[in-house]
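If you count by the working numbering, then the sequence shown holds residues 16 to 169, one letter each, in order.
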Amino acid sequence: MLEVGMFSLLNPKLTPSGMFETAINEVIRGLDVLAYHDGVIVFGITKAEHDDRLPKLLERFAQKNVSIRASKCTLSSLKLEFLDIIVDVKGSCPDPGFSRPSTELESPKDQRQLRSIMGYYSRFIPNFATRAQPLFAAEWKWTAKYEQILGELI
16 MLEVGMFSLL NPKLTPSGMF ETAINEVIRG LDVLAYHDGV IVFGITKAEH DDRLPKLLER
76 FAQKNVSIRA SKCTLSSLKL EFLDIIVDVK GSCPDPGFSR PSTELESPKD QRQLRSIMGY
136 YSRFIPNFAT RAQPLFAAEW KWTAKYEQIL GELI
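Structural data, given as structure tokens:
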């Protein structure tokens, strides 16, 4: 029987952030968890898998004298908001509080701005490479046709 996925987000108190990633990667080595910037994500396809991994991480934190701030932790959640992305059992999607509808976006002024927009949204768009190909194929000259393609994508 497939159970729903579970997530926990813990924020250890290590600074500055450049040092955090190096230090925390050493602390979590061998554990099935992810670290990014100032967060550690414990995940599992099943609740049992998540519940097996979380105490192992907490034990490792205790062994290495890593403290966590309870107010910055989310434990055993079916949905996780992290890096302006919402992750749940269905997958991931842009955080509506961060992303804006395509109708509110300014048209990109150059390829760099287009790549920035597409870089964020590409992970959420099925068949992105094929559908966005016309936007990147031609030399830069933004037209109504490209505006329409961008609007349909995002």
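Built from N, CA and C at the ideal position, the CB exists for glycine as well.
With 16 other CB atoms within 10 Å as the buried threshold, where does residue i fall?
i, result
"glycine 178", "Not covered by the structure: residue 178. The range shown for the chain is 16 to 169."
"leucine 49", "exposed"
"leucine 72", "buried"
"proline 70", "exposed"
"valine 104", "exposed"
"proline 123", "buried"
"alanine 85", "exposed"
Three-state secondary structure (DSSP) at residue i?
i, result
"leucine 90", "strand"
"aspartate 125", "coil"
"isoleucine 132", "helix"
"glycine 54", "strand"
"glycine 112", "coil"
"leucine 49", "strand"
"isoleucine 169", "coil"
"proline 141", "coil"
"leucine 150", "helix"
"arginine 44", "coil"
"threonine 37", "helix"
"lysine 156", "coil"
Let me check one thing: in DSSP terms, what residues is residue i bridge-paired to?
i, result
"leucine 95", "Val102"
"leucine 249", "The chain is shown only over 16 to 169; residue 249 falls outside these bounds and no answer can be derived."
"serine 107", "Val102"
Roughly how far, in whole angstroms, is the beta-carbon of residue i from the beta-carbon of residue j, given that I think they are within contact range, below 8 Å?
i, j, result
"histidine 65", "serine 91", "7 Å"
"lysine 51", "leucine 98", "The sequence as given places tyrosine at residue 51; lysine does not occur at that position. 7 Å between Cβ atoms; contact."
"serine 138", "serine 107", "The sequence shown places arginine at residue 138, not serine. Yes, they are in contact, since the Cβ atoms of arginine 138 and serine 107 sit about 7 Å apart, within 8 Å."
"valine 55", "isoleucine 39", "7 Å"
"arginine 68", "leucine 46", "7 Å"
Original post:
How about the segment 117-130 and the segment 150-166: do they share at least three Cβ pairs that are nearer than 8 Å?
Top reply: yes
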